[in-house]
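Working notes, structure below.
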Amino acid sequence: MYFGERNEGIEWQFIDFGLDLQPTIDLIEKPMGLLALLDEQCLFPKSTDKTLVEKLQKTHSKHPKFIVPDMRAKSDFAVVHYAGRVDYSADQWLMKNMDPLNENVVALMQGSTDPFVCSIWKDAEFAGICAAEMNETAFGVRAKKGMFRTVSQLHKEQLTRLMTTLRNTSPHFVRCIIPNHEKKAGKINSMLVLEQLRCNGVLEGIRICRQGFPNRVPFQEFRHRYEILTPNVIPRGFMDGKEAVKKMIEYLEVDANLYRIGQSKVFFRTGVLAHLEEERDLKLTDLIVQFQAQCRAFLARRLYVKRMQQSSAIRVLQRNGLAWMKLRNWQWWRLFTKVKPLLQVTNQEAAISAKEDELRAAREKLEAVEADLRESLMKADQVMAERNVLQDQLQQETDNNAELEEVKNRLQLKKNELEEMVNEMRDRLVDEEQRAEKMTQEKKKLVETVRDLEEQLEQEEQARQKLQLDKANVDQRVKNVETKLVDITDAHDKLLKEKRMLEEKMNQLNVQLSEEEERVKQVARQRGKVEGHVQELEQELLRERQLKNEVEQQKRKLITELEDSRELLEEKRTKLEELNGQLMKREEELSQVLTRSDEEAANVALLQKQIRDMQTTIDELREDIETERTARNKAEMARREVVAQLEKVKGDMLDKVDETSVLQDIMRRKEDEVRDLKKALESATNALENKLEEQKQRYTRQVEELHEKVEQQKKINSQQEKHRHQIDNERVSMN
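Count the sequence shown with numbering that gives the first Met the number 0 and you get residues 0 to 734, in order.
Structure below.
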């Protein structure tokens, strides 16, 4: 308990809560406790459940945690612990404690081929004689063999292992609570739930937890979360977490009994953190309300400023509108608006710069057309190279088809040979199967004999165990007789001493001595009888061991015969596997031939795909030609527009005598440039059309040739497919 308090070094008072249940634990586990008496009664042959109950009541009737019920009660005894009184009925306790489950049955279930059955019995442990117990000692692991282990002993071992695991770890438990016995949703039986919580130890754990400091928070987290409750208490800058927490708790006025400050955490009793959370929520609500008020005030101010700006803008618009209304009827303003468009002299330089921009755009278009022409030529070269590659692939495919024809003929010959070998192997298989059936029948007979012998061995083993129990009982009786003899000898010595000391009572002592001697003689006679009975039992044990050795010898002989038969069967199986391997090799060769034919079909599909790609490239080239024509038309239109604009400029410049010579020179230059551009465009488009026409003719020829080759390849593939179907049909008929 309270490992966190110990590690943090705070003041705490040690309370051993295990002492509340310690008397009940001692009643169950201590020597001469309930489990020890149950194991003791299992060793005696004539013990019953009634004798067990009598023994328990006689031994523990005065124990404060052991209760003997009334005669009318159905239970035999009751045990009291912190959860309350628990009544027990000892019906069939001895039989259940000895675990009558046969260990051979458990081993058989664990070795089952069914995975579900094997998983059920995977971790099964059982008690009984000849069970091995592994104990760890200072000298290593030691195995106790031949001990009689009961279910209670297995339970104690499992409990000790569980307790060591719990001590070495930090476990977390999940408690499952039944809300009601009617299996209805939404219904809770409060008394039933409370009883389960009490019996599960949850209420006891809560009681223990409330006596300590269950709530613990690191210093940094406490300061970060609850600093809002202590404004202006912690100064700005760095401060030790422990000192900061102390100042915060002093400001909050928390009772000293409700908290402890450790090395890295602050500990609180139940309810303190809940109160702090409520205070924090109230503080946060106040801050949020203040923040909302500030936000609303800011929005109201911004809306007010916007309205003021709008009102000032409206005033400016009204003032300008009134000024325009006054100005539009002024005669000089009307004259200015009419004369301004007639002054075209200032716009001549702007028109010349616009023409130069148009010339630059026309040159850029021409360069783009030339780049597209180069790309189309590159694509044409690539298509030619791909056509050559396709022709090479077609030549290789024709050569491969010829080789496949030769391979097919060879495989046909091999197939005939294999059919003959398969027929021979089938005949051999029939003979071997008949022999195997005979061997299996013989094996079944041998297995039945082995089972009978094993049953006899089990019966003899049970009889031997009963003899061991009888021997243990006899040994116990002999020990009792010997103890009585020792008591008698002690009494005899005392009588001799009294005889020496008291001579007056010598006659009485002599009489008593004679009586004691007669008793000793009777005891000696009984001892002789017991020793004779023990010798007879030992002779019977020797006979049983001899019988067991003979049975084991017969079992070994049968096992050797079984191993010989298994070796013969394995030889036959190896031969069958070799024959199956040869068949598999032949089938793999056939599958390789089939895969080659499939690859040829895939190559044909690739050729068809390449033809489609070439067709698409031809369509793309046609689209490029159309785009070139449209570009040429656009250039022609631009040229016409430039000529028209130049004509306009000529007409405008006739009025200006001083600038006519300059404009004429500019017009001549522009016209020369336009003519050059037009010639270059026409020559480029003509060359491109000629090349595209030649490439189109070449591609049409190549496509026709490829179509012819593809048709030939399809015919060859159909013939190969027919041959393959014939081979498959022959294989099916063979199988």
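Glycine is no exception: its CB is placed at the ideal position from the N, C-alpha and C atoms. Remember, it's a predicted structure, so these values are computed and weren't measured experimentally.
What does the Cβ neighbour count give for residue i, buried or exposed, with the cut at 16 atoms within 10 Å?
i    : result
L546 : exposed
A370 : exposed
T50  : exposed
V232 : exposed
R141 : Any answer about R141 is weak, because its pLDDT of 45 lies below 50 and its placement is not dependable; what the coordinates show is given next. Exposed, since its Cβ has fewer than 16 Cβ neighbours within 10 Å.
D75  : buried
F290 : exposed
F739 : Because the chain in this structure spans residues 0 to 734, residue 739 falls outside the shown range and cannot be described.
G211 : buried
N632 : exposed
Q394 : exposed
M583 : exposed
R409 : exposed
G320 : exposed
G261 : buried
Q433 : exposed
A361 : buried
I248 : buried
T149 : buried
S717 : exposed
W329 : exposed
Q719 : buried
W323 : exposed
V265 : buried
V368 : buried
F267 : buried
G145 : With a pLDDT of only 42 at G145, under 50, the local geometry of the prediction cannot be trusted, and the value read off the model is given with reservation. So G145 ends up on the exposed side.
L275 : buried
K528 : exposed
K708 : buried
R259 : buried
Mind checking who residue i pairs with in its DSSP beta bridge?
i    : result
G83  : H80
F267 : N214, Y258
I66  : A77
I'd like to know whether the C-beta atoms of residue i and residue j end up nearer to each other than 8 Å.
i    : j    : result
H59  : L26  : yes
L55  : L33  : yes
L466 : L540 : yes
L191 : I177 : yes
V304 : N214 : no
L358 : E672 : yes
Q701 : A379 : no
E385 : Q712 : no
W332 : L326 : yes
C175 : N96  : no
H722 : K407 : yes
E278 : L196 : no
A89  : V116 : no
L687 : L372 : yes
I726 : N400 : no
T269 : R206 : no
Determine, using beta carbons only, whether residue i comes closer than 8 Å to chain C.
i    : result
N408 : Absent from the structure is chain C; it holds one protein chain and no more.
Just confirm the distance between the C-beta atoms of residue i and residue j, as a whole number of angstroms; I'd bet it's less than 8 Å.
i    : j    : result
V79  : Y87  : Wrong, their Cβ atoms sit about 12 Å apart, outside the cutoff.
L691 : L365 : L691 to L365, Cβ: 19 Å. No contact.
N179 : N188 : 5 Å
V244 : F218 : 5 Å
N20  : Y81  : Sequence check: residue 20 is Leu here, not Asn. Contact flag correct, Cβ pair sits at about 6 Å.
P44  : L468 : 5 Å
L705 : L389 : 7 Å
S151 : L281 : So it is not a contact: roughly 60 Å between Cβ atoms.
Q. Counting Cβ pairs closer than 8 Å, one from the segment 305 to 317 and one from the segment 242 to 261, do we hit at least three?
A. no
Q. So does the segment 235 to 242 actually touch the segment 215 to 224, counting three or more Cβ pairs closer than 8 Å?
A. Under the three-pair Cβ rule at 8 Å, the segment 235 to 242 counts as touching the segment 215 to 224.
Q. Is there contact between the segment 58 to 74 and the segment 409 to 427, where contact requires at least three CB pairs shorter than 8 Å?
A. no
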